[in-house]
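A.B. asks:
In the numbering used here, the protein residues as written are 1066 to 1191.
Put into structure tokens, the structure is as follows:
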């Protein structure tokens, strides 16, 4: 895939997340990890896990950062799930998620969280 295709696919501006923002995919914290990038159309985070997550899922989603937001049930699609580091019993994976749909209230909460926790717009150009 070339850079133009990647850029055209992106629905929203992505931002790097400041500090130690955490994402929790519920209901029982089955996915817990450090948020790397965040946008209104999805996010990526690092988590400990040996197995890939489902391609389609609907999970309770909570972000912890300078403030906490609970988005409730969010339908989402896995766009990538790759091992980043393996050392014996532990595997750190990077998971990329695209939101399928967000309610207006969920979008408003997410905008506030991005404003409070993100600091650099990510460029697809190098």
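A virtual CB, placed ideally from N, CA and C, is assigned to each residue, including glycine.
1) Which of helix, strand or coil does DSSP assign to residue 1131?
2) At the level of alpha carbons, what is the spacing between residue 1083 and residue 1155?
3) Label residue 1098 either buried or exposed according to how many other C-beta atoms from any shown protein chain fall within 10 Å of its C-beta, with 16 as the threshold for buried.
4) Distance, Cα to Cα, residue 1134 vs residue 1161?
5) What's the call for residue 1144, buried or exposed, on a 16-neighbour Cβ count within 10 Å?
6) What is the DSSP secondary structure of residue 1177, reduced to helix, strand or coil?
7) When the Cα atoms are used, what is the spatial distance from residue 1150 to residue 1157?
8) Check for me: the beta strand (DSSP E) holding residue 1102 runs from which residue to which?
9) Going by Cα to Cα distance, which pick from 1177, 1141, 1131, 1148 is closest to residue 1124?
10) So the beta strand (DSSP E) residue 1109 belongs to, where does it begin and stop?
11) Give me the DSSP bridge partner(s) of residue 1138.
12) If you run the structure through DSSP and keep just helix, strand and coil, what is residue 1079?
13) Please classify residue 1151: does DSSP put it in a helix, a strand, or coil?
C.D. replies: Straight from the coordinates:
1) Here residue 1131 corresponds to residue number 66 of the chain shown, with the count starting at 1. Correct three-state label for residue 1131: coil.
2) Within the chain shown, residue 1083 is the residue found at index 18, counting from 1. Within the chain shown, residue 1155 is the residue found at index 90, counting from 1. Answer to the nearest angstrom: the Cα atoms are 25 Å apart.
3) Taking the chain shown and counting its residues from 1, the one referred to as residue 1098 is at position 33. Buried.
4) Here residue 1134 refers to the residue found at position 69 of the chain shown. Here residue 1161 refers to the residue found at position 96 of the chain shown. Those two C-alpha atoms are separated by around 19 Å.
5) For this step, residue 1144 is matched to residue 79 along the chain shown. Exposed: under 16 other Cβ atoms inside 10 Å.
6) Along the chain shown, read from residue 1 onward, the residue named residue 1177 stands at position 112. In this structure, residue 1177 counts as helix in the three-state DSSP scheme.
7) For this step, residue 1150 is matched to residue 85 along the chain shown. For this step, residue 1157 is matched to residue 92 along the chain shown. Residue 1150 and residue 1157 have their C-alpha atoms spaced approximately 5 Å apart.
8) Start at 1 with the first residue of the chain shown, and residue 1102 comes out as number 37. Looking at the DSSP string, the run of the beta strand (DSSP E) that includes residue 1102 is 1096-1104.
9) Here residue 1124 corresponds to residue number 59 of the chain shown, with the count starting at 1. In this structure, 1141 is the residue among 1177, 1141, 1131, 1148 with its C-alpha nearest to the C-alpha of residue 1124.
10) The residue you call residue 1109 lines up with position 44 of the chain shown. Element bounds for residue 1109: 1107-1113.
11) If you number the chain shown from 1, residue 1138 lands on position 73. In the DSSP assignment, the residues bridged to residue 1138 are 1125.
12) As a first step, residue 1079 is located in the chain shown; it is residue number 14 there, counting from the start. When DSSP states are grouped into helix, strand and coil, residue 1079 belongs to the coil group.
13) Within the chain shown, residue 1151 is the residue found at index 86, counting from 1. It is a strand residue.
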